[in-house]
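Line by line, the protein sequences are chains A and B.
Quick note: the first sequence uses my numbering, first residue 1, plus one each step.
Quick note: the second sequence uses my numbering, first residue 381, plus one each step.
This report concerns only the one structure given below.
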Amino acid sequence: MAGWLARQRYLVDFAVAGLRRQRARHASLLLVYTLLVFVLASVVMLASALRREAAFMLKDTPDVVLQGLRMGRHEMSRAADLERLRGLRGTQAAQGRLWGYLFDSASGANYTLQVPPPGSAPALAVGQTVVGEGVARLRRLSAGAPLFLVSPSGIFLNLKVQAVLPAGTALVSSDLVLLSEADFRRFFQLADDEYTDIVLRVRNPSEVAKVAQKAGIALRQHRVITRDDVRRTYEAVFSWREGLLLALLSGAVLAFAILAFDKASGLSAQERRDIGILKAIGWDTGDILRMKLWEATLIAGTACAAGVLLAYVHVFFFSAPLIEPVLKGWSTLYPRFVLTPEVDGLQLTTLALLCVLPYLAAVVVPVWRAAAADPDAAMR
Amino acid sequence: MKAAALPPPPHRGSSQALLLLAWLALAGAAALMHALLGRADGVARRQAAQELVQTLQLTDLAWFTEARYTRHLSQADLHTPFQDGPAALEHFPAGALVGPVRPMQDAGFAPAAR
């Protein structure tokens, strides 16, 4: 065992010496390799972290949401619709929600104005509001500051900020402006019996699908959205987006694959001569192959490890600022969220195997061919 | 008393490779420790968000605020991305990142009674 280890160490010594002889070439390959792994790992880590956060945060969304539709577009629900649902067997509670969008020309951002359900915190009186961290950041608000909003119909709202929602909830609350029901109805000119949509709480979780079906029959002009539908939406979003980003990177991946394959498989005349000299002085083919594999492993392994570590810092320390412009789009208000760092061993192993093995495979064949050739011919 | 001088860097290639491996392993261990230590904060943060979702009956992440159908992905009807006209193309950047949900409901209405 000690002999074997010593032998491998000498092979690594020779491999490192070989890397040093063509420093610029190997350094550039290492840099590009690291960059590619960094980008791929950042996308994978970010999507995976967001998926986990969303799955956790959206675990307690309403059991069933009913949304009025006319000609396939949203329409307000009425108190009469609410009453029809209250009598449904299996329904623990039925409540009308009041929420809507406002484009704030002062900041150029879209806000979501919402009324907290009756009896829940925060309890807001007329003229009071609680805002999300994104709204507070854009409008430079803090507790006690005034917030002025103007509706599209010209109605003016003068609110006093009671509190800013915790920054840790930014992913679900960044653009929220919570206000009293009276303020909301006056601002959007809603009648007393109008609601944005209706939410149902179901007594028995295993009966949600049945209650949803009965609610859909009771209110034909309403669209039924269950908690499972919400979960599936976000699973689809994250899978799609992660796949889309990775597909966009496929050009870079392919370019790197061509570069790496070209460098690994096309041995230069100098490298062939070196292998020929080694054969001539007594190295056997196996040792030459091992030495070259160590060389490739040092490059690929270092690039993989460095790329993944940089990606970890990029995503969990700095919230992925390099990918943010892709995700942000035209949003003026973008949540400042901090992701919970997690290390997924399976993902990292998969990434490592995908990054390292193809490169090693590309090295083996040409080296074996050169090592198996006549040393005299190789040296000429 | 002279301060102890730092040991000279190793000359042997394999020693240098081992040193690099040790540094990478140390950085990896630091990342793992950071992930483990950050778990408690993460749990607290998620719980606060979960309570807010439960209290306010929220359904969506406040992520893409550029358009109403990208803000509430699970609540958006199927027509809004094409709101400007029957032949209008969906044009918000977030729309390119948000794939279609499968299975889609028939024309956005509730499923028919069976």
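Beta carbons: idealized from backbone N, C-alpha and C, even for Gly.
Open item on the list: So that I know if they touch, is there some Cβ in chain A lying closer than 8 angstroms to that of B/Leu441?
Closed with: yes
Open item on the list: Please report the distance separating the alpha-carbon of B/Pro491 from that of A/His222.
Closed with: With a pLDDT of only 45 at B/Pro491, under 50, the local geometry of the prediction cannot be trusted, and no value is derived from it.
Task: Contact with chain A by B/Gln399, beta-carbon distance below 8 angstroms - done: According to the sequence shown, residue 399 of chain B is Leu rather than Gln. No, because no Cβ of chain A sits closer than 8 angstroms to the Cβ of B/Leu399.
Open item on the list: Residues of chain A with CB closer than 8 angstroms to the CB of B/Leu406, please, in chain order.
Closed with: Within 8 angstroms Cβ-Cβ: nothing; B/Leu406 doesn't reach chain A, min ~10 angstroms.
Open item on the list: Measuring alpha carbon to alpha carbon, tell me which residue in A/Phe148, A/Ser142, A/Tyr195, A/Leu190 is nearest A/Ser107.
Closed with: A/Phe148
Task: Boundaries of the alpha helix (DSSP H) in which A/Ala370 is found, first to last residue - done: 345–372
- [ ] Please go through the same chain and pick out, in chain order, the residues whose beta-carbon is closer than 7 angstroms to the beta-carbon of A/Asp344, but skip the five residues on each side of it.
- [x] Ser48
- [ ] Quick one: grab the DSSP three-state call for A/Tyr312.
- [x] helix
- [ ] Report yes if the CB atom of A/Glu133 is closer than 8 angstroms to the CB atom of A/Arg290, and no otherwise.
- [x] no
TODO: Use the C-beta contact count for A/Asn158: other C-beta atoms within 10 angstroms, 16 or more gives buried, fewer gives exposed.
DONE: Classification of A/Asn158: exposed, given that the 10 Å Cβ count is below 16.
Open item on the list: Let me see if you follow: with CB-CB separation under 8 angstroms, is A/Lys59 close to chain B or not?
Closed with: yes
Open item on the list: Quick check on DSSP: helix, strand or coil for A/Ser77?
Closed with: strand
TODO: Could you give the DSSP three-state label for A/Gly282: helix, strand or coil?
DONE: coil
Open item on the list: Suppose the cutoff is 7 angstroms on Cβ atoms and the five residues either side in sequence are ignored; what does the same chain contact list for A/Val363 look like?
Closed with: Ala264, Lys292, Leu293, Ala296
Task: Min CB distance B/Ala415 to chain A below 8 angstroms - done: yes
Open item on the list: Against chain A, with Cβ distances strictly below 8 angstroms, would B/Ala409 count as a contact?
Closed with: At a cut-off of 8 angstroms between C-beta atoms, B/Ala409 does not count as an interface residue with respect to chain A.
- [ ] Would you kindly work out how many angstroms separate the C-alpha atoms of A/Arg227 and A/Leu30, rounded to a whole number?
- [x] Distance between the alpha carbons of A/Arg227 and A/Leu30: 47 angstroms.
Open item on the list: Output needed in chain order: residues of the region 299–321 of chain A with a Cβ under 9 angstroms from some Cβ in chain B.
Closed with: Gly301, Thr302, Ala305, Ala306, Val308, Leu309, Tyr312, Val313, Phe316, Phe317
Task: Same chain only: Cβ atoms within 7 angstroms of A/Ala212, ignoring 5 sequence neighbours per side - done: Val64, Val224, Thr226
Open item on the list: For A/Phe38, which residues in the same chain have their Cβ closer than 6 angstroms to its Cβ, ignoring the five residues on either side in sequence?
Closed with: Gly307, Leu310, Ala311
TODO: Can you grab the Cα-Cα spacing for the pair B/Leu436 / A/Leu346, in whole Å?
DONE: 36 angstroms
Open item on the list: Checking 8 angstroms against the spacing of the C-beta atoms, do A/Leu179 and A/Leu165 come in under that value?
Closed with: no
Task: heavy atom of the ligand NAD below 7 angstroms from A/Leu66 C-beta - done: The ligand content of the structure shown is nil, which means the ligand NAD is not present either.
Open item on the list: According to DSSP, A/Tyr111 sits in a beta bridge with which residue or residues?
Closed with: A/Leu102
Open item on the list: For a test of the three-state rule: what should DSSP assign to A/Gln8, helix, strand or coil?
Closed with: Collapsing the DSSP output to three states places A/Gln8 in a helix.
Open item on the list: 8 angstroms is my cut-off, CB to CB: does B/Ala428 come that close to chain A?
Closed with: yes
Open item on the list: Give me the chain B residues within the contact set of A/Arg9, using Cβ-Cβ distance strictly less than 7 angstroms, ordered along the chain.
Closed with: Contacts between A/Arg9 and chain B, judged by CB atoms closer than 7 angstroms, involve Ser394 in chain order.
Task: Nearest candidate by alpha-carbon position, reference B/Val423, set A/Phe56, A/Val32, A/Glu83 - done: A/Phe56
Task: Which residues DSSP lists as bridging A/His390, in chain order - done: Because chain A is modelled from 1 through 380, residue 390 of chain A falls outside the range shown and cannot be assessed.
TODO: Output the distance between the C-alpha atoms of A/Pro116 and A/Leu69, rounded to the nearest integer angstrom.
DONE: 23 angstroms
Open item on the list: Classify A/Val135: buried if its beta carbon has 16 or more other beta carbons within 10 angstroms, exposed otherwise.
Closed with: buried
Open item on the list: Spatial neighbours of A/Phe103 within its chain, please: C-beta separation below 7 angstroms, excluding the five flanking residues on both sides.
Closed with: Asn110
Task: Per-residue DSSP class, three states only, for B/Tyr449 - done: helix
TODO: Could you list the residues in the region 218–234 of chain A with a C-beta less than 9 angstroms from some C-beta on chain B, going in chain order?
DONE: Leu219, Arg220, Gln221, His222, Arg223, Val224, Ile225, Arg227, Asp229, Val230, Arg231, Arg232, Thr233, Tyr234
- [ ] Using alpha carbons as the reference points, say which of A/Glu235, A/Ala257, A/Leu348 lies closest to A/Ala361.
- [x] A/Ala257
TODO: Could you check what DSSP says for B/Thr439 in three-state terms: helix, strand or coil?
DONE: coil
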